[in-house]
Every structure is written in structure tokens, then in C-alpha cells.
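Just so we're aligned, residue 449 is where the sequence shown starts under our numbering, counting upward by one.
All residues carry an ideal CB built from backbone N, CA and C; glycine is no exception.
Please read all numbers here as calculations on a predicted model, not as lab measurements.
Contents: one structure, followed by commentary.
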Amino acid sequence: MSPVRERDSVGSLEDLHDAATRMTGLDDFGADEHLEPLQVLLHSYAHSAGLTGVGNTMVRSFLRGALAARLMSEAGFAQHPGHTAVPVERPVFVTGIQRSGTTMMQRLLHADPAAQGLEMWLTQLPQPRPPRETWEADPVYAMLRDGFEQHHVENPELAGIHYMSAETVEECWQLLRQSLTTAAYPALAHLPEYAAWLRQADWVPAYARYRRNLQLIGLNDPGRRWVLKNPSHLDALDALMAVFPDALVVQTHRDPVTCVGSACSLAATTTRGWSEVFVGERLGRDVLASLSREAEVFAEARGRYDAAQFVDVAYDDLVGDPVGTVRGVHDAFDLPWDDDVASAVAEEHRRSREGPRAPRHHYDLADYGLTAEQVRAAF
């Protein structure tokens, strides 16, 4: 693998827009709700993140990719005006603090043949979902497939922490990033200014655009139920419910000591070599503050909505009886269940325990300056 080019900065707002245009050949970014958060984010990266040359390159790639996806969505909206009539009814949102089982929960719920989710490659190239048998011939899909396969070979420890591929369903922050409004950025860097902006931001425009993307991507599958997942939905339940008033929300729960240690390890592994600041104790303090605050904010907001729209899942129950736990969610929300669904869920669980997808994760809170007592006190 060739070494990553080192840059002396992430770039300016104008420069990033120009780079996304060069990348896609498109120049219509749509509305401007993304400009303020992008400006705040760029300031925070420059002022506080302590990025290395490699870090600048990686962050620039992420931001350029977000703007390129935004351009692709705008082109898709224009090309398929009928997307605005596509219903998004009773979508299922899986959320919970990082590392509490949200990925497992989503992928098991998505195994239902009646469900649809956000495949990674379609978050990068938003378009009406093509027939599955055509994906291999798509150059973007092929590029992402090969890139993930190489990444897993070179970073097997990351594959064991959170496995990704072009065709697997992925976190829906990949759509929220089009509005540059997502907790994914401070999860991977020390960004106090942006995190403060995010706490007081109006997330509704970001979720409104997110909904349009669901309508676009699901244009060819209007009868299938959306199953979506993002830990940072904890930050923005009011906006989510404003845009999706009939949403069904699954909240996963796990010992926060385990979650915080695992989240620290994931952040450290993902960003190794990117920053001189977001390491060790600083990383630990940031992760603990973020996760504990999200849990508190969500608990307060949840009380404002119909309890029948929420169901709680304990991590130990999910691991111990995955099929029974998924059936419990279906029963709670009055969703169809039969032998075909049960078999599909069991098969997804079996495949998730094999090969590069098999969980492998070792970590120690002490590496991040934290103790179990500190974590329990924060929660």
C-alpha cells in the first residue's frame, strides 16, 4: 500500500467544494444548511484537533466525500422527481450508546426479507437502489468492495471491532454527513468548538435531507420497511421525531464501563497517527463526556413521546438469544413474524460470527486514563 500523502491543512470551505465538484463533475450543492456547520468544523479542526499531516489528508477525504455525496444526491433528486412521493412509514431506528450492540441489532432486524437498509455503497453514491444482481458491474461498488477488502487485510483488528463492506448496511450518519451535522466527527477527533455547536444546533434540516435521501434510495422498494441505525440519534431525538413522527425506536443497553472502553479502543484504532491531541487520556475524556451526555439527553427527550414507539433491548439478551430478541422487537411493534423471518435472522447471526466479521476486540480503560468508577459516576 502506498503511503498516505501528508497535507499541511484540511483546506478551506471553498477549496473543499471545488474538490468535490472536480471529483463528481457536478456543482449543484442544493440548499445551504451545511455551510455553517462546515465552517465551525473547519475552525475546530484547525484550532483544536492537533491533526498530523496524515490526519489532515484523512479528514479532507472525509469532508470532500460528504460534499461529493451531497452533489450526487442533488443530481438524483433532479433526475428522479417522483422520489418525493415515496412513503417512509414506521421506520425502525436502532440507537444506543456506542458499542452497546446497535450494529448487531440493526443487521439482525435487517435480515427480514421485508426490510431495507442503507448499504454502504449507496450512502457514498446515493441513487435508487439498483437490482442486487447488477451491483458487481457498477464501478463505484467495485471500487468500494475492493477497498474494504484490502482495508480488512491490512487492519484485521479493525475488522474484528466493526466490520464494514460495500454491501453491508451501515450507520445512517453517512447521510447526515451531507448536512455536516453529525456526532461522527467529534467521535474521531478533539473538536470542542464543533461539539458545542452541535449541542445547540437545529438538526431538523439535516433530518429532512436525510429523509429525502431515504426516499431516493428506496424509490424502487417502496413497500419495504426501513431499518436504520446510528448511536448519535441519541443527540437529536426531537429532530428525528419531527421528521419521522411515526418512528419506531429500539434502544440497546449494555454496561457503560464496557461501552466506554470499547468506544475508546475503536476511536484510537481508527484514528491511529491522525492527531497529536486525540490520544490517551484526552481521547478517554472526550469519549466519556460524549457518551454520558448522549445517554442523559436521550433519556430526557424520550419522555416526551409515546412509550409504545420505543422498545429496550439488553445486550446480554441480544447475544444470548438473538432470534428471540428480534422476535420480541417485532411483537412489541406489531411487525410480521414467520418461519422465513426467523430463519433469515438465524442465518445472519451465524454469518456474523465467521471469517473477518467475527468479533475480536481487546482493550483496557486504563490506556485512556479512565477507571470503572469514573465511568459509572458519569452515567
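Counted as a single uninterrupted DSSP element, the beta strand (DSSP E) harbouring histidine 701 occupies residues 696–701. One Cα belongs to leucine 556, the other to aspartate 650, and the distance between them is close to 32 Å. For valine 452 and glycine 498, the gap between their C-alpha atoms comes out near 18 Å. Judged by DSSP secondary structure, phenylalanine 758 falls within the beta strand (DSSP E) whose first and last residues are 758–762.
For phenylalanine 541, the enclosing beta strand (DSSP E) covers residues 540–543. Nearest neighbour of leucine 685 by Cα position, chosen from Glu597, Leu736 and Asp754, turns out to be Asp754.
The Cβ neighbour count for glutamate 454, taken over all protein chains shown within 10 Å, is under 16; the residue is labelled exposed.
Setting aside the 5 residues that flank it on each side, glutamate 537 is surrounded in the same chain by Asp694, each with a C-beta closer than 7 Å to its C-beta; the list follows chain order. The beta-bridge partner set that DSSP reports for alanine 563 consists of Arg673. For glycine 721, the number of other beta carbons within 10 angstroms of its own is below 16, and it is reported as exposed. In the DSSP annotation of this structure, the continuous segment of the alpha helix (DSSP H) that includes threonine 469 starts and ends at 461–472. Secondary structure at leucine 573: coil, using DSSP grouped into helix, strand and coil. Membership of alanine 644 in the alpha helix (DSSP H) is indicated by the continuous run 640–648. In terms of Cα proximity to phenylalanine 758, the closest of Asp788, Phe746 and Leu766 is Phe746.
Per DSSP, serine 680 is not a residue of any alpha helix (DSSP H), being assigned neither H nor E. Inclusion of proline 576 and asparagine 668 in the CB contact set at 7 Å is warranted, their separation being smaller than that value.
Put simply, the segment 556–576 touches the segment 671–679. At least three CB pairs are less than 8 Å apart.
Here the C-alpha atom of glutamine 527 lies approximately 43 Å from the C-alpha atom of serine 740. Counting along the chain, the unbroken alpha helix (DSSP H) around histidine 778 starts and ends at 770–780. Distance from glutamine 663 to valine 777 at the Cβ level is roughly 24 Å; contact not present, criterion being Cβ atoms closer than 8 Å. DSSP places valine 617 in the strand class (E or B) of the three-state scheme.
Exclusion of the five residues before and after glutamate 522 leaves Leu474, Asp476, Phe477 and Gly478 as the residues of its chain whose Cβ lies within less than 8 Å of its Cβ.
Tyrosine 816 and serine 496 have their C-alpha atoms spaced approximately 19 Å apart.
Using a 10 angstroms sphere on the CB of alanine 637, the tally of other CB atoms reaches 16 or more, which defines it as buried. With distances taken between CA atoms, leucine 515 lies nearest to Leu628 out of Arg593, Leu688, Leu628 and Thr505. A residue is called buried once 16 or more other Cβ atoms fall within 10 Å of its Cβ, and phenylalanine 525 is buried on that count. Here histidine 465 is buried, its C-beta having at least 16 other C-beta atoms within 10 Å. Annotated as proximal: arginine 659 and valine 691, with beta-carbon spacing under 7 Å.
Of all alpha-carbon atoms in Ser713, Gln546 and Val761, the one lying nearest the alpha-carbon of leucine 813 is that of Ser713. Rounded to whole angstroms, the gap between the alpha carbons of aspartate 782 and valine 617 is 23 Å.
With a 10 Å radius around the Cβ and a threshold of 16 neighbouring Cβ atoms, phenylalanine 596 comes out buried. In the displayed model, leucine 499 falls within a strand according to three-state DSSP.
A direct Cα-Cα distance of roughly 25 Å separates alanine 654 from proline 578. In the structure shown, serine 509 adopts helical secondary structure according to DSSP, grouped into three states. Selection Leu682, Tyr763, Arg593 and Val725 evaluated against glutamate 748 yields Leu682 as nearest (Cα-Cα).
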